[in-house]
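Those protein sequence lines, which keep their order, are chains A and B. Read left to right, the first sequence gives residues 937 to 1047 (my numbering). Read left to right, the second sequence gives residues 20 to 136 (my numbering).
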Amino acid sequence: QKEVEQNSGPLSVPEGAIASLNCTYSDRGSQSFFWYRQYSGKSPELIMFIYSNGDKEDGRFTAQLNKASQYVSLLIRDSQPSDSATYLCAPGYRGDSKIIFGSGTRLSIRP
Amino acid sequence: GAVVSQHPSWVICKSGTSVKIECRSLDFQATTMFWYRQFPKQSLMLMATSNEGSKATYEQGVEKDKFLINHASLTLSTLTVTSAHPEDSSFYICSARDTSGSTGELFFGEGSRLTVL
């Protein structure tokens, strides 16, 4: 059973629009989450970390965490072609516990 | 921030040979490292958890005799693909969590692209 579930997409968004990526999780004990971005042929890179309910903003990115509903989302404002990538969510600090990633959501920004 | 370094970034080998991939945590100690494999247009698949000073824990379906993992120090884990075959061609990525930090961020190596001819 995967820890997180994401719509694999592809999600196509016009340049300049808001891209909305969602992730649901099964472990109610998860207290924090990371969002990673993975470009084709590259390894994942961290873009956001959120540990409390509500919103966290960083530049064009906003992460939202709703622990009651067990979902975390990532909004990308003013989407750029360079945002085209696969986005992965993952639970945060849990000692040395392994992380089994979901499929991630493939985002495509069309000019 | 913490860095995980992986080497080599790409390797081409003949079928039947063995290939070793190194994963190093450069500025933190990692008692546990994780090895993932990714085929084109597919998701990251966890292969095994590498434990410093003890045997690795393999995921179901991953052959431990084929994918040898050694975690001899707190900063180095190696993955050896033994008797490689074309179907082993893939993108291998290691990762480690800096448990001394407050966030528990999982850091990824640059990945190693293996092509078996």
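Ideal placement from N, C-alpha and C gives every residue a C-beta, glycine not left out.
{"query": "State yes or no: is the beta carbon of Ala999 (chain A) nearer than 9 angstroms to at least one beta carbon in chain B?", "result": "no"}
{"query": "Looking at C-alpha atoms only, which residue of B:Thr50, B:Gln57 and B:Ser44 is the closest neighbour of Phe1037 (chain A)?", "result": "B:Gln57"}
{"query": "Does the count of Cβ pairs from the stretch 31 to 50 of chain B and the stretch 99 to 110 of chain B closer than 8 angstroms reach three?", "result": "yes"}
{"query": "Taking DSSP's pairing of strands, which residues face Asp991 (chain A) in a bridge?", "result": "A:Gln1000"}
{"query": "Under the rule that 16 or more other beta-carbon atoms within 10 Å means buried, what is Leu136 (chain B), buried or exposed?", "result": "exposed"}
{"query": "Buried or exposed for Arg1046 (chain A), please, with buried defined as at least 16 other CB atoms from any protein chain shown within 10 angstroms of its CB.", "result": "exposed"}
{"query": "Report the neighbours of Phe47 (chain B) on chain A: residues whose CB is nearer than 7 angstroms to its CB, in chain order.", "result": "The premise fails here: Phe47 (chain B) is roughly 13 angstroms from chain A at the closest Cβ pair, so nothing lies under 7 angstroms."}
{"query": "Measure from the C-beta of Arg43 (chain B) to each C-beta in chain A and report whether the shortest distance is under 9 angstroms.", "result": "no"}
{"query": "For chain A, check one thing: does any of its Cβ atoms lie closer than 9 angstroms to the Cβ of Ile40 (chain B)?", "result": "no"}
{"query": "Roughly how many angstroms separate the alpha carbons of Met52 (chain B) and Met984 (chain A), rounded to a whole number?", "result": "22 angstroms"}
{"query": "For Thr1041 (chain A), list the residues DSSP reports as bridge partners.", "result": "A:Tyr1023"}
{"query": "Would you say Thr122 (chain B) lies against chain A (beta-carbon separation less than 9 angstroms)?", "result": "yes"}
{"query": "Can you give me the Cβ contacts of Thr50 (chain B) inside the same chain, cut-off strictly under 6 angstroms, excluding the 5 residues immediately before and after it?", "result": "Glu71"}
{"query": "If we call anything under 9 angstroms between Cβ atoms a contact, is Lys992 (chain A) one with Leu1001 (chain A)?", "result": "yes"}
{"query": "Taking one C-beta from the stretch 1003 to 1015 of chain A and one from the stretch 952 to 972 of chain A each time, how about it: are there three or more such pairs within less than 8 angstroms?", "result": "yes"}
{"query": "Using C-beta distances below 6 angstroms, list every residue in its chain close to Ser69 (chain B), excluding the 5 sequence neighbours before and after it, in chain order.", "result": "Met52, Ala75, Ile88, His90 and Ser96"}
{"query": "Any beta carbon from chain A within less than 9 angstroms of Tyr55 (chain B)'s own beta carbon?", "result": "yes"}
{"query": "Please report whether the beta-carbon of Leu957 (chain A) lies at a distance below 9 angstroms from any beta-carbon of chain B.", "result": "no"}
{"query": "Residues of chain A with CB closer than 9 angstroms to the CB of Ile88 (chain B), please, in chain order.", "result": "None at all; the shortest Cβ gap to chain A is about 13 angstroms."}
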